[in-house]
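Down below is the structure, laid out as structure tokens.
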Amino acid sequence: YDGLRVYVRPVDQHSRQITAEGTARVRLIVTPAQGEPTTILDQTYDPEAFHAAYRSGVTGTHYTLKADLPQNPPNEALLLVTLTDAATGRTFQAQKELALIRTKPAQ
40 YDGLRVYVRP VDQHSRQITA EGTARVRLIV TPAQGEPTTI LDQTYDPEAF
90 HAAYRSGVTG THYTLKADLP QNPPNEALLL VTLTDAATGR TFQAQKELAL
140 IRTKPAQ
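Residues in the sequence shown are numbered from 40 upward in steps of one, following our numbering.
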């Protein structure tokens, strides 16, 4: 099983963590040296699913967004995460280059 887990930690202008309500979107985009970029994953989390992703524990407080990867994903991709605030409609965005690591399921 190849899956993606994205840990989202919304912060305010003073870098203090805040809780958030809204719609999140996770995209993985492959940008080859030759050719056009290709979106290999595009998943939206409605406000209810985003709320359900809230976690607080030993690993800290965050939202864990999970998605299935396509079969045979590339080794590298651009992760783009957006969060549209339910109260203001304002969209926040973060991106990061990722190395996709494959793991084998537990036997």
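Even glycine gets a Cβ: it sits at the ideal position worked out from N, Cα and C.
Quick one: using the 10 Å Cβ neighbour count with 16 as the cut-off for buried, is A72 buried or exposed?
Start at 1 with the first residue of the sequence shown, and residue 72 comes out as number 33. Answer is exposed; the Cβ neighbour count stays below 16.
Report yes if the CB atom of V47 is closer than 8 Å to the CB atom of A106, and no otherwise.
Counted from its first residue, the sequence shown places residue 47 at position 8. Counted from its first residue, the sequence shown places residue 106 at position 67. No.
Which first and last residues belong to the beta strand (DSSP E) in which H90 is found?
Indexing the sequence shown from 1 puts residue 90 at position 51. Looking at the DSSP string, H90 is not in any beta strand (DSSP E); the run it does join, the alpha helix (DSSP H), is 86-91.
Leaving out five residues before and five after D85 in sequence, what residues of the same chain have Cβ atoms less than 7 Å from its Cβ?
As a first step, residue 85 must be located in the sequence shown, where it is residue number 46. Result list for D85: T62, in chain order.
Starting from T130, follow its DSSP beta bridges and name the residues at the other end.
Position 91 of the sequence shown, counting from 1, holds the residue named residue 130. Paired residues: T123.
Using a Cβ-Cβ cutoff of less than 6 Å, which residues in the same chain neighbour P49 once the five nearest sequence positions on both sides are dropped?
Within the sequence shown, residue 49 is the residue found at index 10, counting from 1. Closer than 6 Å at Cβ, skipping near neighbours: I57, A59.
Helix, strand or coil at E136 according to DSSP, with G and I counted as helix:
Start at 1 with the first residue of the sequence shown, and residue 136 comes out as number 97. In this structure, E136 counts as strand in the three-state DSSP scheme.
Whole-angstrom distance between Y102 and F89, CA atom to CA atom
Here the question's residue 89 lines up with position 50 in the sequence shown. Here the question's residue 102 lines up with position 63 in the sequence shown. If you take the alpha carbons of F89 and Y102, they lie about 7 Å apart.
In the DSSP output, what is H101 paired with across the bridge?
One-based indexing of the sequence shown puts residue 101 at position 62. The partner list for H101 (beta bridge, DSSP) reads R94.
Integer Cβ distance of A133 from V120, believed to fall under 8 Å
Position 94 of the sequence shown holds residue 133. Position 81 of the sequence shown holds residue 120. Going by Cβ atoms, the distance from A133 to V120 rounds to 5 Å, so yes, they are a contact pair.
Report yes if the C-beta distance between T78 and I68 is below 8 Å; otherwise report no.
Translated into positions along the sequence shown, residue 78 becomes position 39. Translated into positions along the sequence shown, residue 68 becomes position 29. It is a contact, given that the beta carbons lie within the stated cut-off.
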